[in-house]
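S.K.: For the sequence shown, counting from 1, position 166 maps to 165 in numbering that gives the first Met the number 0; every step adds exactly one. One structure, as structure tokens, below. Some questions next.
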Amino acid sequence: MATNLDDAPVHLRGNGRPVTEEQTLTELKITGTVPAALDGRYVRVGGNPVTGDSSHPFLGDGMVHGVRLRDGQAEWYRNRYVQTPFITNPDMNPTDPAVMMDMKSSKANTHVIGHAGKILALEEAHFPYELDGDLNTIGATDFDGALQGSFTAHPKLCPITGELIGFGGSPIEPYLRYHRVSADGKLVQSENITIGGPVMMHDFNITENFVIFMDLPAVLDLNLAMSGDMPIRWDESYPARLGVMPRDGNDAQVKWFEINSCYVFHPMNAYEDGDKIVLDVARYAYVWRDNAMDMPPSELWRWTIDMATGKVHEELVDDFSTEFPRVANSVVGQKHRYGYAMSMSDGGKPGDPNAARGGIRKYDREANNWSDIDFGQGRVGGEPVFVASADSKAEDDGYLMTYVYDADTDRSQLVIMDAASMDDTPVATVELPRIPSGFHGSWIPASVVS
Numbered sequence: 000m001a002t003n004l005d006d007a008p009v010h011l012r013g014n015g016r017p018v019t020e021e022q023t024l025t026e027l028k029i030t031g032t033v034p035a036a037l038d039g040r041y042v043r044v045g046g047n048p049v050t051g052d053s054s055h056p057f058l059g060d061g062m063v064h065g066v067r068l069r070d071g072q073a074e075w076y077r078n079r080y081v082q083t084p085f086i087t088n089p090d091m092n093p094t095d096p097a098v099m100m101d102m103k104s105s106k107a108n109t110h111v112i113g114h115a116g117k118i119l120a121l122e123e124a125h126f127p128y129e130l131d132g133d134l135n136t137i138g139a140t141d142f143d144g145a146l147q148g149s150f151t152a153h154p155k156l157c158p159i160t161g162e163l164i165g166f167g168g169s170p171i172e173p174y175l176r177y178h179r180v181s182a183d184g185k186l187v188q189s190e191n192i193t194i195g196g197p198v199m200m201h202d203f204n205i206t207e208n209f210v211i212f213m214d215l216p217a218v219l220d221l222n223l224a225m226s227g228d229m230p231i232r233w234d235e236s237y238p239a240r241l242g243v244m245p246r247d248g249n250d251a252q253v254k255w256f257e258i259n260s261c262y263v264f265h266p267m268n269a270y271e272d273g274d275k276i277v278l279d280v281a282r283y284a285y286v287w288r289d290n291a292m293d294m295p296p297s298e299l300w301r302w303t304i305d306m307a308t309g310k311v312h313e314e315l316v317d318d319f320s321t322e323f324p325r326v327a328n329s330v331v332g333q334k335h336r337y338g339y340a341m342s343m344s345d346g347g348k349p350g351d352p353n354a355a356r357g358g359i360r361k362y363d364r365e366a367n368n369w370s371d372i373d374f375g376q377g378r379v380g381g382e383p384v385f386v387a388s389a390d391s392k393a394e395d396d397g398y399l400m401t402y403v404y405d406a407d408t409d410r411s412q413l414v415i416m417d418a419a420s421m422d423d424t425p426v427a428t429v430e431l432p433r434i435p436s437g438f439h440g441s442w443i444p445a446s447v448v449s
């Protein structure tokens, strides 16, 4: 059974406990059948404080966990720290303003993606870190000197052009900068975007022709940063807005639309529908209002921006708490029918891993309903990553991958689920050591990184 370590902060109890060693394991045990066409790496990153302690879940040191699949086998599991300055100098304070402004001083703990032959570990306030195919660190990258300032943890990969589209925030002006990276990995456009102050813009949206910025009331407070606390606070007086800009546009072309006060870490997707832009998002009423852990459950909402009238229609889709929403890579920025999100219940016993129950919720936005995969009592998954089948003929023809932690065994598994049927029984399960709770990841095909 997992233990809570009651003297530790809540985020470092249960499966939040950091692991203490890097491992390489081969010839992993499989239950079921790994589809033979799956050739690549499933990689996820999260915070794993090298000192064993951190003041907030967002401030742990980035550790990637990856499984190499090929020819129906799970060839290896590796976990590796991203070798940022915090690994060699763990006494550095990540909320020190001087450290915050050093673009190489990333925690690299939020997302990991593959693009233009590279694996990138991302964190929104600094440069990306490049990894090799064995998950070892190559180093910080600034796109051959073209990147000035930070690069988001949530860039969007356009399935039509192959572009990687992102942005960066800053505690000093310019507070927001837009970036567009070509399919071959060259930073081809950067634009300063005017917003009202230094906010935590964690994610954003693209459509076929536009980007949508979310300028929301979670603001940077340097006084909190200098005190060593999480440097973000809720500011009810800061207006919540959505900014729509052509993908090749600039600051003068941004159109702003007011919405009700709220926060969104992660949108599911966005697309154009005539003169309207539709966004599905995991919406919070507020975040960090009273303290650094104050966060109500998120709900799935739909926002419809009417470009002609300047109004936004806001609609609750599902009041069940879900997070880390995703769609198939093939429909990013396009009209989607299906979306997938992590679901979890604490069983009425917050902090008790044995009471938790997790799964995946699949949304059918055309039929306006949903279905669920249930991992079972004491079993909690993470962000579901969709991987299309080799001969995919439908949007949901493929698999959902995530790591699942089992509190009873205190170990983890990579599960491969059928996205179309949403059957609770995995297509395949790969047995792994315990992988702490983490953030985001990707399926990186061998065609992207050999």
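The beta-carbon is built from N, C-alpha and C at its ideal position, and this holds for glycine as well.
So, is Asn-47 buried or exposed, given that buried needs 16 or more other C-beta atoms within 10 angstroms?
M.R.: Position 48 of the sequence shown, counting from 1, holds the residue named residue 47. Counting Cβ neighbours within 10 Å, Asn-47 comes out buried, since at least 16 surround it.
S.K.: Given this structure, state the Cα-to-Cα distance separating Glu-314 from Pro-154, to the nearest angstrom.
M.R.: Stepping through the sequence shown from its first residue, residue 314 is reached at position 315. Stepping through the sequence shown from its first residue, residue 154 is reached at position 155. Cα to Cα, Glu-314 sits roughly 26 Å from Pro-154.
S.K.: Mapping the DSSP letters down to three states, classify Phe-319 as helix, strand or coil.
M.R.: Walking along the sequence shown from the start, residue 319 turns up at place 320. In this structure, Phe-319 counts as coil in the three-state DSSP scheme.
S.K.: On the three-state DSSP scale, how would you describe Asp-214?
M.R.: Translated into positions along the sequence shown, residue 214 becomes position 215. In this structure, Asp-214 counts as strand in the three-state DSSP scheme.
S.K.: How many Å lie between Phe-385 and Asp-345 at the Cα?
M.R.: Position 386 of the sequence shown, counted from the start, is the residue given in the question as residue 385. Position 346 of the sequence shown, counted from the start, is the residue given in the question as residue 345. Distance between the alpha carbons of Phe-385 and Asp-345: 25 Å.
S.K.: Taking the runs of the beta strand (DSSP E) that are 3 residues or longer, which of them lie wholly in the stretch 331-373?
M.R.: As far as the stretch 331-373 is concerned, its whole beta strand (DSSP E) runs of at least 3 residues are 337-344 and 356-363.
S.K.: Counting only the same chain and skipping the five closest in sequence on each side, list residues whose C-beta sits under 8 Å from that of Ile-258.
M.R.: Translated into the one-based positions of the sequence shown, residue 258 becomes position 259. Counting only Cβ-Cβ distances below 8 Å, and skipping sequence neighbours, we find Ala-239, Arg-240, Leu-241, Trp-302, Val-311 and Glu-313.
S.K.: With a CB to CB cut of under 7 Å and the five nearest residues on each side skipped, what residues in its chain are close to Glu-382?
M.R.: On the sequence shown, residue 382 is found 383 positions in, with the first residue counted as 1. Excluding positions up to five away in sequence, the list reads Phe-323, Arg-325, Met-341, Thr-401, His-439 and Gly-440.
S.K.: Return yes when the Cβ of Asn-135 is within less than 8 Å of the Cβ of Gly-59, no when it is not.
M.R.: Counting from 1 along the sequence shown, the entry for residue 59 is found at position 60. Counting from 1 along the sequence shown, the entry for residue 135 is found at position 136. No. Outside cutoff.
S.K.: If you drop the 5 nearest sequence neighbours on each side, which residues of the same chain put their C-beta closer than 6 Å to that of Arg-360?
M.R.: Stepping through the sequence shown from its first residue, residue 360 is reached at position 361. Hits under 6 Å: Thr-321, Ala-340, Ser-342, Trp-369 and Asp-371.
S.K.: So which of Asp-133, Ser-104 and Val-187 has the shortest CA-CA distance to Gly-144?
M.R.: As a working mapping, residue 144 is identified with position 145 in the sequence shown. Per the Cα distances, Val-187.
S.K.: Whose C-alpha, out of Leu-37, Tyr-41 and Phe-85, is nearest the C-alpha of Gly-71?
M.R.: Taking the sequence shown and counting its residues from 1, the one referred to as residue 71 is at position 72. The residue with the shortest Cα to Cα distance from Gly-71 is Leu-37.
S.K.: Once the 5 residues before and after Leu-156 are set aside, which same chain residues still bring their CB inside 7 Å of it?
M.R.: If you number the sequence shown from 1, residue 156 lands on position 157. Same-chain partners within the cutoff: His-114, Leu-163, Asn-328 and Val-331.
S.K.: With a threshold of 8 Å, are at least 3 pairs of Cβ atoms found where one atom belongs to the stretch 115-125 and the other to the stretch 221-232?
M.R.: With the cut-off at 8 Å, the stretch 115-125 and the stretch 221-232 do not touch.
S.K.: Just how far apart, CA to CA, sit Ala-419 and Ala-445?
M.R.: By 1-based counting over the sequence shown, the position of residue 419 is 420. By 1-based counting over the sequence shown, the position of residue 445 is 446. For Ala-419 and Ala-445, the distance between alpha carbons rounds to 24 Å.
S.K.: Is Met-267 buried or exposed, if buried means 16 or more other CB atoms sit within 10 Å of its CB?
M.R.: Position 268 of the sequence shown, counted from the first residue, corresponds to residue 267. Classification of Met-267: buried, given that the 10 Å Cβ count is 16 or more.
S.K.: According to DSSP, which residues form a beta bridge with Ile-205?
M.R.: Residue mapping note: residue 205 aligns to position 206 of the sequence shown, counting from 1. Paired residue(s): Val-210.
S.K.: To the nearest angstrom, how far is it from the Cα of Ser-236 to the Cα of Met-244?
M.R.: Counted from its first residue, the sequence shown places residue 236 at position 237. Counted from its first residue, the sequence shown places residue 244 at position 245. Going from the Cα of Ser-236 to the Cα of Met-244 covers about 25 Å.
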